[in-house]
Structures are given as structure tokens and as C-alpha cells.
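As C-alpha cells, the structure follows; a few thoughts come after it.
Residue numbers (this note's numbering): 1189 to 1367.
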């Protein structure tokens, strides 16, 4: 069955050239697991290897990756309890493959990261059914530390505020009296 990788990336600063590790990917999907199996497919290996390369490349940057969340999913065949456990085994298999890939590239490097695995079993079905639901999603939490908005940005919009000059929340129709 076909394996699909979906990536969702943050906006790239102007003037930068994209490469797989210039920006932190916020998720990857490994789909097409065999029916009733947590085994990593051959087509999943390049995705796991790319994740390992990017995690290591970004660990010392301005937004280092410290945590990886791995969520297992199943199709609706089989009992709910069985699917819940199968989703967990899939998440654990991807975690184990990612840990091995990290440690192959840099001995002991996986110890610097927190891997959280969980299963949602059959509760969150993707469109397309079947193989699309036999998947694992890998999420990398991104921490935003600074947001800078320049008034010259063409997409800057003024947002109305209920805060007065003393940063006191005002109700509708209220005004802050001069002190």
C-alpha cells in the first residue's frame, strides 16, 4: 500500500532558501501500515531518517527541538480495545525507529529528547479510509519566544483592545477617568 508523507511548515523569512531543515516541521504523517501490524514499512524509513536529520540539525538553533509527540492511529477493523493497543504499538515502533536513527547519526543523541507516545486508535478517521487511517503522526512542538511586527508590514492590522492606558480591562461603554 502507498505511504504518504504530509508536512506542514512555518512561514520562511524572506531571502532564505528552503531546505528540509531550514525550518522546523510541525508534523509528519507515516501512513500505509499493514492491516493489524505495527511494523515500520520500508517506505517509512526515509521519513524517519529525514526527521532524525532535521531534529539533530535544529537542536542547537534558535528554536531547538526538545520534545517529539508520536500518535498512533488505526482503521475501524477490529475491536476498539484492540485498535487502541495497536495504535500504541505503532507509535512505539516509530519512536523506536526514530531513536535508532538519531543514535546512528550521533551516538547517545536521542537521550537529549523527550518522546511522548500515545494512541487514539480508531477515534480519528482520515478521509480516504483504510490505509490512510493506518498511520502514525509525529508532531514537533514549536515554541514561539519572540513575535515582532513592523508597522511597514503589508499584512499588519490594528486589533481593537479593551485595555485602557493603565492596562485595565474596560467594559463596553466604560471610559477610564483621568487621574
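Cβ coordinates follow ideal geometry from the N, Cα and C atoms, glycine included. Note that the structure is predicted; figures quoted are calculated from it, not measured.
Note on residue 1276: 16 or more other CB atoms within 10 angstroms of its CB, so buried under the neighbour-count rule. According to the DSSP assignment, residue 1256 belongs to the beta strand (DSSP E) that extends over 1255-1261. Each residue's CA atom was taken as its position, placing residue 1225 and residue 1252 some 33 Å apart. Between residue 1240 and residue 1292, the alpha-carbon positions lie close to 10 Å from each other. By the C-beta density criterion, residue 1317 is exposed, having fewer than 16 other C-beta atoms within 10 angstroms. Within the same chain, Cβ atoms closer than 6 Å to the Cβ of residue 1313 are found at 1321, the five residues on either side in sequence being excluded.
By a beta-carbon distance limit of 8 Å, residue 1279 does not contact residue 1228. Their separation comes to about 12 Å. Between the alpha carbons of residue 1311 and residue 1274 lies a distance of about 13 Å. In its chain, beyond the 5 residues on either side, 1289 have a beta carbon closer than 7 Å to the beta carbon of residue 1237. Taking the Cβ atoms as the reference, residue 1283 lies roughly 10 Å from residue 1301, outside the contact range of under 8 Å.
Distances from the CA of residue 1329 to each of 1261, 1230, 1243, 1220 were compared; the closest alpha carbon is that of 1243. A Cβ-Cβ distance of about 5 Å is found for the pair residue 1258 and residue 1305, placing them in contact under the 8 Å criterion. 9 Å or more divides the Cβ of residue 1215 from the Cβ of residue 1261. Within the region 1271-1313, complete beta strand (DSSP E) segments of at least 3 residues are found at 1302-1309, given in chain order.
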